[in-house]
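Line by line, the protein sequences give chains A and B.
Its first residue numbered 10, the first sequence is counted upward by one per residue in the working numbering.
Its first residue numbered 54, the second sequence is counted upward by one per residue in the working numbering.
Ideal placement from N, C-alpha and C gives every residue a C-beta, glycine not left out.
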Amino acid sequence: MERRRAKSQIDKSVSPGVAAPAQQGEDPVADELSRKMLSWSSLWFGSPGSVDPSEEQERVRQRLLSWLERCIGRKASAVLTNGVEDVSLATSTPLLTAFLGRRAMLELSRRVLNEP
Amino acid sequence: MPRLVVWIWRACAIHYAIGMAAYFHFLATGSYHYLNLYFLILGTLFFLLTTATEFFLAIECRAGFESDEPMRTAWSFISLASLARFAGAALISLDHWRFAKIPGSTTSVLAVILPRGLPHIGEVIGGPLAMVFLAIALSGVLKIQHRLRILRGLRLTDLLLIGFIVAVMFGEAVNIARYLGPAYPSPPLTKAILWLSDPLLGLLLVQAVLIHRSANRVGLGLISQCWGMYVIAIVTTLIGDASIWAVGEELLPEKLVALTWYIWFFAAAAFASAPAYQLAAMKLAVNEGRIRRR
Numbered sequence: 010m011e012r013r014r015a016k017s018q019i020d021k022s023v024s025p026g027v028a029a030p031a032q033q034g035e036d037p038v039a040d041e042l043s044r045k046m047l048s049w050s051s052l053w054f055g056s057p058g059s060v061d062p063s064e065e066q067e068r069v070r071q072r073l074l075s076w077l078e079r080c081i082g083r084k085a086s087a088v089l090t091n092g093v094e095d096v097s098l099a100t101s102t103p104l105l106t107a108f109l110g111r112r113a114m115l116e117l118s119r120r121v122l123n124e125p
Numbered sequence: 054m055p056r057l058v059v060w061i062w063r064a065c066a067i068h069y070a071i072g073m074a075a076y077f078h079f080l081a082t083g084s085y086h087y088l089n090l091y092f093l094i095l096g097t098l099f100f101l102l103t104t105a106t107e108f109f110l111a112i113e114c115r116a117g118f119e120s121d122e123p124m125r126t127a128w129s130f131i132s133l134a135s136l137a138r139f140a141g142a143a144l145i146s147l148d149h150w151r152f153a154k155i156p157g158s159t160t161s162v163l164a165v166i167l168p169r170g171l172p173h174i175g176e177v178i179g180g181p182l183a184m185v186f187l188a189i190a191l192s193g194v195l196k197i198q199h200r201l202r203i204l205r206g207l208r209l210t211d212l213l214l215i216g217f218i219v220a221v222m223f224g225e226a227v228n229i230a231r232y233l234g235p236a237y238p239s240p241p242l243t244k245a246i247l248w249l250s251d252p253l254l255g256l257l258l259v260q261a262v263l264i265h266r267s268a269n270r271v272g273l274g275l276i277s278q279c280w281g282m283y284v285i286a287i288v289t290t291l292i293g294d295a296s297i298w299a300v301g302e303e304l305l306p307e308k309l310v311a312l313t314w315y316i317w318f319f320a321a322a323a324f325a326s327a328p329a330y331q332l333a334a335m336k337l338a339v340n341e342g343r344i345r346r347r
């Protein structure tokens with residue numbers, strides 16, 4: 010009981026945004042952080058098949074497909090998802106981590122996200 | 054193709070070229086002199102070098118995974134399998150040198166200090182023991198492939214192949230049972246363990262076929278080629294094993310018997326190049342990053 014109460018106090022103290030989201034434009038730092046998190050999550054999870062991906066999302070997807078083809082195989086994306094357009098770092102991480110190891114996957118994710 | 058794999062197969066091709074020269078000499082003259090020298094010196098060296106290479110590469114692959122990752126266990130057993138093959142090759146080669154004369158001496162030092170059962174111990178370590186380690190490793194890989202849903206079931210042709218192998222093994226078991234009768238002395242332990250080679254090889258083949266199906270499903274990337282190399286190595290070992298049986302049954306003419314000894318070099322090269330593919334895949338991201346930063 011005591012532990013649960015303490016945890017909820019900690020939650021409120023460290024993540025006020027979750028309990029009471031800041032209004033848009035009120036806190037520029039929170040806005041910037043939120044924008045960055047949205048951008049990174051869209052790159053990590055990709056865009057659902059029906060939504061048009063942004064140029065950056067498409068670049069990341071192409072780089073990931075190229076790495077998947079070289080490391081695992083040409084048809085690896087078909088095994089992971091229903092269509093090539095659904096391939097993302099989130100869907101391919103389990104397969105790549107299992108066969109390349111966590112360390113190599115970390116490096117590969119960096120390349121996929123940061124390569125020009 | 055990764056550079057290390059190219060080097061392994063280049064060395065294998067050079068080795069085969071020299072071996073073929075010795076074989077043609079044997080065909081032309083009927084003398085085993087150069088053929089014996091080739092298998093005793095270059096053949097032994099090739100086995101020792103390829104198994105040592107496989108061991109060090111497998112250890113490198115193992116180091117790329119953290120302790121809680123399932124592939125680390127698989128690579129640990131592959132390392133043990135390659136170490137067992139290296140130890141087996143070393144023990145058998147030591148026995149080959151047992152009767153080699155040392156200048157100024159009438160007998161070899163090795164003939165005095167080495168126990169007589171050395172080649173049998175080497176055959177057990179490099180054969181069934183190495184196969185058990187590899188079978189455990191491949192079971193781990195199949196489990197991972199099953200979890201990731203890339204494992205495919207067996208096709209009709211696979212089932213027919215497995216059925217054929219089971220039938221051959223059953224035939225061999227009947228043969229072995231004959232030698233266990235009261236008319237024959239009880240076999241030594243090493244010989245009894247060596248009888249397990251064929252069933253183990255059959256198990257490895259089933260695992261190899263399953264892995265091959267999954268590799269086909271994802272396409273030929275570096276990781277798929279790594280497991281594909283194990284499939285080639287296991288199938289080549291099976292062909293080598295079948296050739297030993299054919300020679301034992303005197304089904305082959307003398308000129309072809311010597312040719313069957315060359316099969317094992319191909320299997321050794323395939324075993325060594327498998328971890329080289331895995332290592333190339335693991336180092337790809339890191340190495341490309343370094344090249345780009347330069």
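Bounds of the alpha helix (DSSP H) holding B/Lys244 are 242-247. In chain order, Val69, Arg72, Leu73, Trp76, Leu98 place their CB closer than 8 Å to the CB of A/Val121, counting only its own chain and leaving out the 5 sequence neighbours on each side.
With contacts defined by Cβ atoms closer than 8 Å, B/Ser250 and B/Pro181 form a contacting pair. Within the model, the alpha-carbon separation for B/Arg138 versus B/Pro241 is close to 22 Å.
Straight through space, the alpha carbons of B/Phe100 and B/His86 are spaced by roughly 20 Å.
Under the Cβ criterion of 8 Å, A/Val88 is counted among the residues facing chain B. With 16 or more neighbouring CB atoms inside 10 Å of its own CB, B/Asp148 falls in the buried class.
In the same chain as B/Ala322, and ignoring 5 residues on each side of it, the C-beta atoms closer than 7 Å to its own belong to Ile61, Trp62, Cys65, Thr103, in chain order. According to the DSSP assignment, B/Tyr283 belongs to the alpha helix (DSSP H) that extends over 275-301.
Assignment of A/Lys84 by DSSP, reduced to helix, strand and coil, places it in the coil class. A straight line joining the alpha-carbon of B/Met282 with that of A/Asp40 spans about 52 Å. Straight-line measurement puts the Cα of B/Ile218 at about 29 Å from the Cα of B/Leu201. Residue contact check for A/Arg72 against chain B: no CB pair falls below 8 Å. If you ignore the 5 residues before and after B/His68, its C-beta comes within less than 7 Å of the C-beta of Leu95, Phe99, Phe318, all in its own chain and listed in chain order. Contact check for B/Val185 against B/Leu253 passes: the beta carbons are separated by less than 8 Å. Here B/Leu273 has Gly281 as same chain residues with Cβ atoms under 8 Å from its own Cβ, once five neighbours each way along the sequence are excluded.
Inter-residue distance for B/Ala311 and B/Tyr76 is about 8 Å (C-alpha atoms, whole angstroms). Taking 8 Å as the CB threshold, B/Arg266 stays off the interface with chain A. Neighbours of B/Phe118 across chain A, judged by C-beta separation under 7 Å: Gly110. Per DSSP, B/Pro172 is one residue of the alpha helix (DSSP H) stretching across 171-177. B/Ala325 and B/Ala142 have their C-alpha atoms spaced approximately 14 Å apart. For A/Glu78, the neighbours in chain B by C-beta distance under 8 Å run, in chain order, Gly272, Gly274.
A Cβ-Cβ distance of about 12 Å is found for the pair B/Ala320 and B/Val284, leaving them out of contact under the 8 Å criterion. In the three-state reduction of the DSSP assignment, B/Tyr330 falls in the helix class. At a beta-carbon threshold of 9 Å, the residues of chain A lying near B/Glu122 are Thr106, Ala107, Gly110, Arg111, ordered along the chain.
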